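Visitor: Position 160 of the sequence shown, counted from 1, bears residue number 160 in this note's numbering, the numbering being contiguous throughout.
Okay, handing you the structure first.
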Amino acid sequence: GGGLALLVPGVMVPSRADAFGRSAAFGVGRIVYDGAWDLRPTALSRMLQAVEQRTSILTDSALPETRADSEALFDTPFVVFTGDREFDPLPDEARQNLQLYLRAGGTILFDSSEEDADGPFRQSVERELAAILPGVPFSRIGSGHVLYRSFYLIDSPPGRTNTASYMEGCEQDGRLLAIYSHNDLLGALARDNFGNWIYEVRPGGERQREMSFRMGINLAMYVLCLDYKEDQTHVRFLLHQRSWRVDPSGLP
């Protein structure tokens, strides 16, 4: 399979996407479940456009919709699970498949638009993660985490709302397997078919919307390349140069 190879001067940083799918482009899957799974249908395409425009990473605009128990889950290294209310427990087959996906190197983002830092959607997610990743704590992601500096420096998690000043996640062996956004990150990115923003962003307006795009890019960069995370030279290069490019030798 193919995968991105991102070039820092003198250092090749292989992509974790190599294990997923057959495309050299970075793709994102959307998890279908028996609930409010399709709340922000246009947002991910906007996010991927920004990733490609600002980083020159190739992206795949297909945005496949897949149930968690499907083999198609493994077609992308990153999947998104949206919601704004309680949902029923996932079937055992789905939980087992998600466990395999996450332990194999996949990453899942739960994006909440319920505007409650401990509402029914979050409680449902916490229940699922306890079953999918037993023994892996679901806890707050510290403000100094590399997720907030993988491409842009971000002080606090943005989104359509300011429901919580933190994100949560499940981290194992130095890698976030699951990430939980309280602030409806995708809601800040959604446009209608005429290019108009669908939702007002509050309280920070357009600055907060821009930070939401930056967070989306940080997420993509985090998923694609973790090997540099403790190397300050690489981090400084990313933050100051912002000139990543795809090395053709890394493409199939």
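Ideal placement from N, C-alpha and C gives every residue a C-beta, glycine not left out.
Just so we're clear, the structure is a prediction, and the values are computed from it rather than from any experiment.
1) Name the residue from 41, 62, 34, 43 whose alpha carbon lies nearest to the alpha carbon of residue 25.
2) Are the CB atoms of residue 40 and residue 190 nearer to each other than 8 angstroms?
3) Checking 8 angstroms against the spacing of the C-beta atoms, do residue 185 and residue 204 come in under that value?
4) Does DSSP classify residue 228 as helix, strand or coil?
5) Under 8 angstroms between the Cβ atoms of residue 93 and residue 124?
6) Give the range of the beta strand (DSSP E) segment to which residue 65 is assigned.
7) Enumerate in chain order the residues of its own chain whose CB-to-CB distance from residue 188 is below 6 angstroms, with the five nearest sequence positions on each side excluded.
8) Can you give the Cα-Cα distance for residue 206 and residue 197, rounded to whole angstroms?
9) Among 67, 172, 48, whose alpha-carbon lies nearest the alpha-carbon of residue 136?
10) What are the complete alpha helix (DSSP H) segments, minimum 4 residues, inside the stretch 155 to 182?
11) Pull up the DSSP beta-bridge partners for residue 122, would you.
12) Given that a residue counts as buried once 16 or more other Cβ atoms are within 10 Å of its Cβ, and exposed if not, what is residue 230?
13) Using 8 angstroms as the threshold, is the stretch 94 to 103 in touch with the stretch 115 to 123, meaning 3 or more CB pairs across them?
14) Going by CA-CA distance only, name the one from 44, 79, 111 that's closest to residue 101.
15) In the structure shown, what three-state DSSP assignment does residue 55 receive?
Guide: In terms of the structure at hand:
1) In the sequence shown, the residue the question calls residue 25 occupies position 25. Answer by Cα proximity: 62.
2) By one-based count along the sequence shown, residue 40 stands at place 40. By one-based count along the sequence shown, residue 190 stands at place 190. Result yes, Cβ atoms of residue 40 and residue 190 sit closer than 8 angstroms.
3) The residue given as residue 185 occupies position 185 in the sequence shown. The residue given as residue 204 occupies position 204 in the sequence shown. For residue 185 and residue 204, no; Cβs fall outside 8 angstroms.
4) As a position in the sequence shown, residue 228 is number 228, starting the count at 1. Low confidence applies to residue 228: its pLDDT is 40, below 50, so where it sits in the model is not reliable, and the reading given next is rough at best. Correct three-state label for residue 228: coil.
5) Counting from one through the sequence shown, the residue named residue 93 turns up at place 93. Counting from one through the sequence shown, the residue named residue 124 turns up at place 124. For residue 93 and residue 124, no; Cβs fall outside 8 angstroms.
6) Numbered from its first residue, the sequence shown carries residue 65 at position 65. Unbroken beta strand (DSSP E) run through residue 65: 65 to 67.
7) By one-based count along the sequence shown, residue 188 stands at place 188. Once the five neighbours on either side are set aside, the close Cβ partners of residue 188 are 159, 160, 201, 209, 212.
8) What you label residue 206 is simply residue 206 of the sequence shown in a count that begins at 1. What you label residue 197 is simply residue 197 of the sequence shown in a count that begins at 1. Approximately 10 angstroms, taken between the alpha carbons.
9) Here the question's residue 136 lines up with position 136 in the sequence shown. Looking at 67, 172, 48, the one whose alpha-carbon comes closest to that of residue 136 is 172.
10) none
11) Along the sequence shown, read from residue 1 onward, the residue named residue 122 stands at position 122. Beta-bridge pairing links residue 122 to no other residue.
12) Position 230 of the sequence shown, counting from 1, holds the residue named residue 230. Residue confidence is low: residue 230 scores 42 on pLDDT, short of 50, so the model does not pin down where it sits. No coordinate-derived value is stated.
13) When C-beta atoms of the stretch 94 to 103 are compared with those of the stretch 115 to 123, fewer than three pairs fall below 8 angstroms, so the two segments do not count as touching.
14) Here residue 101 refers to the residue found at position 101 of the sequence shown. Per the Cα distances, 79.
15) Within the sequence shown, the letter at position 55 stands for residue 55. In this structure, residue 55 counts as helix in the three-state DSSP scheme.
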